[in-house]
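Asker: Pasting in a structure now, in structure tokens, and then I'll have a few things to ask.
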Amino acid sequence: MKKLHLLLLPCIVLAQTAPAPPAKSGVEPPKNRAPVSKEVLRVKLPRAVEMHLDNGLTVLILENHRLPTISMTLELRSAGALYEPPDLTGLASVTASMLREGTTTRTSKQIAETVDRLAANINAFAGQGGVGTSMNIFGLTENFDQWFPLAVDILLHPAFPADEWAKLKQRQLVGLRNQRTSPQFLSRERFNRAVFGSHPAAIISATPASLEAITVEAMKKWHDERYTPQNSILGIAGDVTAAQIMPKLRSALAAWKKTDLKVGGASPVTPAAEKRVIIVNRAGSVQTNLVMGNIAIDRRSPDYVPLVVMNQVLGGGSTARLFNNLREDKGYTYGAYSSLSAGEYAGPWEASSEVRTEVTEGAMREFFNEFNRIRDEKVPSAELDEKKRSVVARFALSLESPQSVLGFAITRKVYGLPEDYWDTYPAQISAVTAEDIQRVAKKYLTLDNIQIVAVGDAAKIRPVLEKYGKVTIYDVDGKVM
Amino acid sequence: MKKSIFLAIAVAFLASAADPAIPFKLFKLKNGLTVILSEDHSAPTYSIALSYNVGSRDEKSGRTGFAHLFEHMMFQGSENVAKGEHPSLISTNGGSLNGTTDNDRTLYYETLPANQLDLGLFLEADRMRSLNVNQANLDNQRNAVQEERRLRIDNQPYGPTYLAVEETAYDAFGYKHSVIGSMEDLNAASLDDVQEFFKRYYAPNNAVIAIVGDFKTDEALAKVKKYFEAIPSQPAPPRPDLSQPAQKAERRKTLEDAFAQLPRIDIAYRIPDGLSPDYYALRVMSQILGGGQSSRLYQRLVRDEEVAAGSGAYADQRRGPGLEQIFVTIRPGKDPAAVEKAVYEEIGKLQTTPVEDWELEKIRTNAHRAQIQSAQSTLGRAAALADETTNFGDPNLVNLTYQKMAAVTKADIQRVAKQYLTEENRTVIVTLPKKAAAPAQPKQ
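Protein sequence lines correspond, in order, to chains A and B.
Counting in our numbering, the first sequence runs from 1 upward without gaps.
Counting in our numbering, the second sequence runs from 1 upward without gaps.
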């Protein structure tokens, strides 16, 4: 295995004598008296070994023998909710959940007892709008030969018993009702609708009607057709060697046959064209949950790296501008952040916070002040250097976790990124300039078509939000009021 | 300097040779600071966990929420560190940090690359020695904490329920009120309170620092002395009296919740402190009753009878008297009283019938796994070492959890279920969805 030495921070100016941060921030100028080591940290970038089974399954193995545990993640990249029939929203998700509810030789109860008795985890999950179903498997080395065959049985031989589906459906119907009490769910529901429009990712949850329409026959068909080895990647990290595990995989997965199914690319997403302001009226709310943003880029975009740095400056954590302004300076909130989602298809940049109802107006003003500032002004060099150092250093430290290194290897594989992508990642981040940040901010943080969602007390916040565009009000059940 | 106590701890008790014990060395500085160092060279990182022996248990009436508000003040700067500089230095160097307050203690922590040991120690020592507080920062953090309360309690379904359980089950004031505190008390907190609290509780003799990771013990100890040993000690703070008369009869309250869609029942039994021999039997019992999909409550109420949407049970581990807490959210149209009765039937089975072999095996394998996985992160180990020392006076307790869990017998479970899970020892909070749209949350 090739071992690289990654020299951190080789070309970043150390900003220990930084000038004062911008006046709008709640923080003071640094005193620069704390002892900071200038020594260059050497971090190894371990490599995952790539193997293939005859059925087309790609296997990525990252050996790490520090702990006697093995974790596996199976990305079934043809079983994403993106490919669900439109009237069966939730099919990918319930099929994944039903895997544990009985196989041809085990009952739901036996599976639950065995998994817990072995101190293992075997779970499958498919999010709405996702390109795949993920199966996460974890266990101790010492009882691998007990939990691994169980996981394979759950993957390959689910029975989809009708009585278990009847029970699971009832549990999920209660869940659909309960999730509407959460302001976070309500804001996410409307925000995804707003930014994704007619794309399947606009829908974040099944409905009672779609659950009722899903049958065990539909699940069996979905499982037969969509759980295909040739479109899947199995990542393994931990206390294994390729030589030990490959024969076991070949034998256990021999019954999993290759098919002709190919995954089509995701349909493209474009930013919402018209500015929109959406309020979800949640009676009794004492805070306003604000989410705003629009579609930006997919993971393969050349603008990914500059946007990562821009996000770190704007709202990536408790040292970024949004947090310093809305919390540390104004005291409007417990936290204010921004984030970027970039996957197979373009996802949104977004900024969010929960603020007490009375300061909704001030919070909106400060969000827009920060959006305008990062668009209109070049990020001061000391601030930019600090944020780039932060991204690079966190990346380097994350390499200590085998699961994250495996995650990086899967990302590279899935998006077809260059072989040396992660080797050069710190250098790519370091090369981002203030001009790059301003360019991507102007390009993606467009304010004339921004989508704004506010969950709270509509009577109180409507006059504030009307200043940002035409307001549409929904109730907590998702109906226009 | 020469007076530091050196204790090499033998860790040969473990049930399985494969279980990695956490080795450590324990020291005490001249100013009373307890120092725990645990070398681990498997990754070039380290974590500091600094625990102050003060929690909401120490708060006075009229000043609830103060320990946690004070935790926020610790990020507002000190003599040699500007407001915002501490998080910025940690982040720029790839690390992470935070603070957390519970009923019994307040914990601050950092994870950093191994070559930045001086940085982490300097930042913690500077604020222990010379915290900088002013009215503007207090007002600002009071706002942030009040938003935290709204975010977690006042704007969420069942928020008031969480507070009602402790308020009703406890008589001792220290545990009767919430960590987050009341809005009124937070408003009343003054700059004088902050300064007084800092002087009283944030002294080296009231703190434990645990450091785990890639360093040499003698070098790390020298650095800890360099940064901390000149900080003067203070008189030992007074400790609250958490004793309370035995409960004589069931306590019951019904709340209406404007945000909740489903009724919910919370049942709390008074149990002994977390160091008591019975505590681990109760913890094992809780996992059998309510831990995960194979648990008895889930299998019966959620899966088979389909009367509940969710369920759980856990034994709260506290320095003082704890609570065995059980909750069930109830499906629409189902009778909360019938579900409550079913919970008591399950408790009755624990009292009268030995648990099954596979249930005990599940407890043991999961405790074994937890022990193995504790070696994954330096932060988890540092926090556990600091917490066990602050709460129970013995860092080696981190290495004994597995044995304590594995030693619990079927007879132990029956005995503690009979002794503690009784009608007169319980508090029941029933939360019902409020039908009409309500303007505000129930006041507590």
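C-beta atoms are modelled at their ideal positions from N, C-alpha and C, and glycine is treated no differently.
Using the three-state DSSP reduction, which class does A/TRP256 fall into: helix, strand or coil?
Answerer: coil
Asker: Which residues in chain C sit within 8 Å of A/GLN170, going by Cβ to Cβ distance?
Answerer: The structure shown contains no chain C; its protein chains are A and B.
Asker: At the 7 Å Cβ level, is A/GLN146 part of the contact set with chain B, yes or no?
Answerer: no
Asker: What's the gap between the Cα of A/THR104 and the Cα of A/ILE154?
Answerer: 9 Å
Asker: Given 8 Å as the limit, is there contact between the region 314-330 of chain A and the region 170-189 of chain A, that is, 3 or more CB pairs closer than that?
Answerer: no
Asker: To the nearest angstrom, how far is it from the Cα of B/PHE215 to the Cα of B/PRO113?
Answerer: The straight-line gap from Cα to Cα measures roughly 11 Å.
Asker: Using the Cα positions of B/GLY95 and B/ARG426, report the straight-line distance between them to the nearest angstrom.
Answerer: 44 Å
Asker: Kindly indicate which residue of B/VAL35, B/GLY65 and B/GLU424 has the alpha-carbon position closest to the one of B/ARG251.
Answerer: B/GLU424
Asker: Rounded to a whole number of angstroms, what is the C-alpha to C-alpha distance between A/LEU314 and B/PRO87?
Answerer: 16 Å
Asker: Measuring only the C-alpha atoms, how far is A/MET72 from A/ALA393?
Answerer: 26 Å
Asker: From the DSSP output, in three-state form, read off B/PHE70 for me.
Answerer: helix
Asker: Report yes or no: do three or more beta-carbon pairs, one from the region 71-91 of chain A and one from the region 213-220 of chain A, lie closer than 8 Å?
Answerer: Yes, they touch.
Asker: Under 7 Å, Cβ to Cβ, is there at least one residue of chain A near B/GLN116?
Answerer: Look at B/GLN116: its C-beta is under 7 Å from a C-beta on chain A.
Asker: Could you give the distance in angstroms between the alpha-carbon of B/THR161 and the alpha-carbon of B/LEU255?
Answerer: 7 Å
Asker: Tell me where the alpha helix (DSSP H) around B/ASP266 begins and ends.
Answerer: Note, B/ASP266: premise wrong, no alpha helix (DSSP H); beta strand (DSSP E) at 264-271.
Asker: Do A/ILE473 and A/ASN289 have their CB atoms nearer than 7 Å?
Answerer: no
Asker: Got a sec: is the Cβ-Cβ distance from B/SER91 to anything in chain A below 7 Å?
Answerer: Look at B/SER91: its C-beta is under 7 Å from a C-beta on chain A.
Asker: I'd like to know if B/ILE372 contacts chain A, where contact means its C-beta is closer than 7 Å to some C-beta of that chain.
Answerer: yes
Asker: Might you give, ordered along the chain, the residues of its own chain that have their beta carbon closer than 6 Å to the beta carbon of B/ALA268, omitting 5 neighbours on each side?
Answerer: The beta carbon of B/ALA268 is closer than 6 Å to those of VAL165, ALA169, LEU323, GLN325 and THR427 in its chain, skipping five residues each way along the sequence.
Asker: Can you give me the Cβ contacts of A/SER25 inside the same chain, cut-off strictly under 8 Å, excluding the 5 residues immediately before and after it?
Answerer: With a pLDDT of 34 at A/SER25, under the threshold of 50, the modelled position of this residue cannot be trusted, and the question is left open.
Asker: Just the chain B side, please: which residues come within less than 7 Å of A/THR181 by C-beta, in chain order?
Answerer: PRO157, PHE259, ALA260 and GLN261
Asker: Would you mind stating whether A/GLY102 and A/LYS275 have Cβ atoms separated by less than 7 Å?
Answerer: no
Asker: Between the C-alpha atoms of A/ASP423 and A/LEU45, what's the straight-line distance to the nearest angstrom?
Answerer: 7 Å
Asker: Report all residues from its chain with a CB closer than 6 Å to the CB of A/ASN311; omit the five preceding and five following residues, and keep chain order.
Answerer: Once the five neighbours on either side are set aside, the close Cβ partners of A/ASN311 are SER338 and LEU340.
Asker: What does B/ASN368 reach in chain A if we use C-beta pairs closer than 8 Å?
Answerer: According to the sequence shown, residue 368 of chain B is His rather than Asn. Here the neighbours are ALA119 and LEU140.
Asker: In chain B, what lies closer than 9 Å to A/LEU67 by C-beta?
Answerer: PRO20, ILE372, GLN373, ALA375 and GLN376
Asker: Nearest-angstrom Cα distance between A/SER108 and A/GLY235?
Answerer: 26 Å
Asker: Beta carbons nearer than 8 Å to chain A: which residues of the region 214-231 of chain B have them?
Answerer: none
Asker: So that I know if they touch, is there some Cβ in chain B lying closer than 7 Å to that of A/TYR334?
Answerer: Yes, its Cβ sits closer than 7 Å to a Cβ of chain B.
Asker: Span of the alpha helix (DSSP H) holding A/PRO402?
Answerer: That run of the alpha helix (DSSP H) goes 402-414.
Asker: Establish whether the CB of B/ASN135 and some CB of chain A are separated by less than 7 Å.
Answerer: Note that residue 135 of chain B corresponds to Gln in the displayed sequence, not to Asn. Taking Cβ atoms only, chain A never reaches closer than 7 Å to B/GLN135, which makes this a no.
Asker: Taking the beta carbon of A/GLY316 as the centre, do at least 16 other beta carbons fall within 10 Å, making it buried, or is it exposed?
Answerer: buried
Asker: Please name the residues in the region 19-43 of chain B whose beta-carbon is closer than 7 Å to at least one beta-carbon of chain A, in chain order.
Answerer: SER42 and ALA43
Asker: Apart from the five residues on each side of it in sequence, which residues of its chain come closer than 8 Å, Cβ to Cβ, to B/THR422?
Answerer: TYR269
Asker: Judging by CA-CA distance, which residue of A/ARG462, A/ASN55, A/VAL308 and A/ALA459 is the nearest neighbour of A/SER251?
Answerer: A/ASN55
Asker: Compare the C-beta of B/PRO354 against all C-beta atoms of chain A and say whether one is closer than 7 Å.
Answerer: no
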